[in-house]
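These protein sequence lines are chains A and B, in that order.
Note that the first sequence covers residues 90 to 267 in this note's numbering.
Note that the second sequence covers residues 90 to 267 in this note's numbering.
Where a beta carbon is used, it is the ideal one built from N, C-alpha and C, also for glycine.
Note that this is a predicted model, so its numbers are computed, not measured.
There are 2 protein chains.
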Amino acid sequence: MPPKLGILVTEFVIMVRKAMKSANLDSFDRKLLECVRRNNLEPARSLAEKVGLSESSVLRRLRRMRLEGIIIGDIALVDPALTGGAITMHVLVQLYNDGHIRTDAFARNMARREEVVAAWNVAGDEDFVLIVQVPSMEAYDAFTREELSEQSHVRDFKTLISIRPVVDTLISRRPLRA
Amino acid sequence: MPPKLGILVTEFVIMVRKAMKSANLDSFDRKLLECVRRNNLEPARSLAEKVGLSESSVLRRLRRMRLEGIIIGDIALVDPALTGGAITMHVLVQLYNDGHIRTDAFARNMARREEVVAAWNVAGDEDFVLIVQVPSMEAYDAFTREELSEQSHVRDFKTLISIRPVVDTLISRRPLRA
DNA sequence: TATGAAATGCCATAACC
DNA sequence: GGTTATGGCATTTCATA
């Protein structure tokens with residue numbers, strides 16, 4: 090398949106997906122999402138009772154939503170102690186301000202680092218907010234040296250050591266640690 | 090059951106759980122976790138091939154890890170467009186420094202707010218880092234007024250508006266929006 | 001086009017070795 | 001940990017509105 094056609098097909102698929110996705114969800118769909126969002130192993134029979142549909146309709150709707158990308162995945166949640174680093178840091182980063190090139194390059198570097206759980210490009214005094222999880226201070230030190238201190242386009246950075254999470258409705262999809 | 094006994098039983102259950110949890114996972118367990126962490130609807134037969142065990146062993150191990158709290162949940166991931174607010178803010182909060190009472194009260198307030206997706210108590214110049222998701226600037230304005238500006242124990246706060254997430258291995262467990 | 005009901009086939013469960 | 005028999009659940013097909 091020639092590249093141009095490939096791109097066209099890709100775009101078409103995306104258009105179809107969006108079109109399908111924007112097909113509004115009715116109240117049954119929303120109720121089902123509310124349920125499987127908390128527990129996706131619940132049998133269809135039980136879901137059917139809760140939402141007021143037959144078993145087959147429930148299964149049809151769930152399959153449709155999975156195909157359309159409304160349900161984007163089905164996963165087991167693993168104890169964070171096994172996944173996350175023990176120490177969480179927040180890092181505020183300022184770059185030297187010369188256009189998008191350095192911003193994009195920095196973003197790509199962050200995406201490559203295992204320690205970076207999440208990162209945002211932000212407006213204001215700072216340029217980036219990072220959430221970094223590491224098993225030890227040595228690991229954090231290595232990270233800051235390699236990605237921040239020794240990088241000439243990083244003007245400054247400020248570290249906020251997390252004492253404890255007080256709200257946490259987020260879960261990580263990072264790979265398990267050895 | 091008298092209260093004291095109830096507490097003892099509760100503590101015992103917690104002890105047992107921790108003891109069970111600390112029972113180290115072998116390489117089979119870890120491989121299984123790696124799999125179900127990405128897809129928990131994959132049949133045991135398929136998992137058995139991947140990790141090199143029989144179907145029943147796979148199912149036994151998964152059930153054990155669910156009971157022991159190593160697997161803490163099984164959920165469907167819903168398209169973030171349906172769940173999260175459109176706008177993400179990072180807020181750095183400084184409180185007036187008079188002990189733990191205000192810190193705890195603030196943490197409890199944050200836990201109550203739907204807008205607050207995550208929050209950490211941090212060391213350094215700031216006291217809290219918040220991740221706030223809102224559907225509009227009006228909603229953010231209301232949030233800051235109610236929880237920050239009008240609160241006498243908040244010394245100062247600084248808002249970083251997220252332009253775009255550049256790394257995102259986190260997913261939200263917040264309820265669906267209407 | 002989407003539903004509900006019944007037949008089929010797959011998968012988890014629980015008893016064994 | 002592996003093997004086998006059972007029960008439950010999802011899938012498919014069909015009839016219906």
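task = Using a Cβ-Cβ cut-off of 8 Å, state whether residue 128 of chain B counts as contacting chain A.
result = yes
message = In this structure, how does DSSP classify residue 245 of chain B when only helix, strand and coil are distinguished?
response = strand
Where residue 224 of chain B meets chain A, residues with beta-carbon distance less than 7 Å = Here the premise fails: no neighbours, minimum Cβ distance about 17 Å.
inquiry  = Just to confirm the assignment, what range does the beta strand (DSSP E) spanning residue 176 of chain A have?
reply    = Taken as a continuous stretch (DSSP letters only), the beta strand (DSSP E) holding residue 176 of chain A covers 176 to 184.
task = Check distances from the C-beta atoms of the stretch 137 to 170 of chain A to those of chain B and list, in chain order, the residues that come in under 7 Å.
result = 158, 159, 160, 161, 162, 163, 164, 165, 166, 167, 168
message = Could you compute how far the alpha carbon of residue 265 of chain B sits from the alpha carbon of residue 172 of chain B?
response = 5 Å
message = Which of the three DSSP states is assigned to residue 225 of chain A in this structure?
response = coil
query = Is residue 196 of chain A near residue 257 of chain B, with beta carbons less than 8 Å apart?
reply = no
key: Simplified DSSP state of residue 214 of chain A, which is helix, strand or coil   = coil
request  = Return the Cβ separation of residue 50 of chain B and residue 218 of chain B in integer angstroms, given the expectation that the two are a contact with Cβ distance under 8 Å.
outcome  = A query on residue 50 of chain B cannot be resolved here, the shown segment of chain B reaching from 90 to 267 and no further.
key: DSSP three-state assignment for residue 116 of chain B, whether helix, strand or coil   = helix
query = Can you name the residues of chain A whose CB is closer than 9 Å to the CB of residue 210 of chain B?
reply = 251, 252, 253, 254, 255
key: Residues near residue 161 of chain A in its chain [Cβ-Cβ closer than 6 Å; skip 5 each side]   = none
query = Since residue 147 of chain A and residue 121 of chain A are thought to touch, with beta carbons under 8 Å apart, how far apart are those beta carbons, to the nearest angstrom?
reply = With a Cβ gap of about 7 Å, residue 147 of chain A and residue 121 of chain A count as contacting.
query = Ordered along the chain, which non-local residues of its own chain (more than five positions away) have a Cβ less than 8 Å from that of residue 167 of chain A?
reply = 265
query = In terms of residue numbering, what span does the beta strand (DSSP E) encompassing residue 166 of chain A cover?
reply = 160 to 167
ask   = According to DSSP, what are the bridge partners of residue 257 of chain A?
value = BP columns for residue 257 of chain A point to B:207.
Per-residue DSSP class, three states only, for residue 143 of chain A = coil
Option in B:259, B:194, B:169 with minimal Cα separation from residue 237 of chain B = B:194
request  = Name, in chain order, the residues that DSSP records as bridge partners for residue 251 of chain B.
outcome  = A:211
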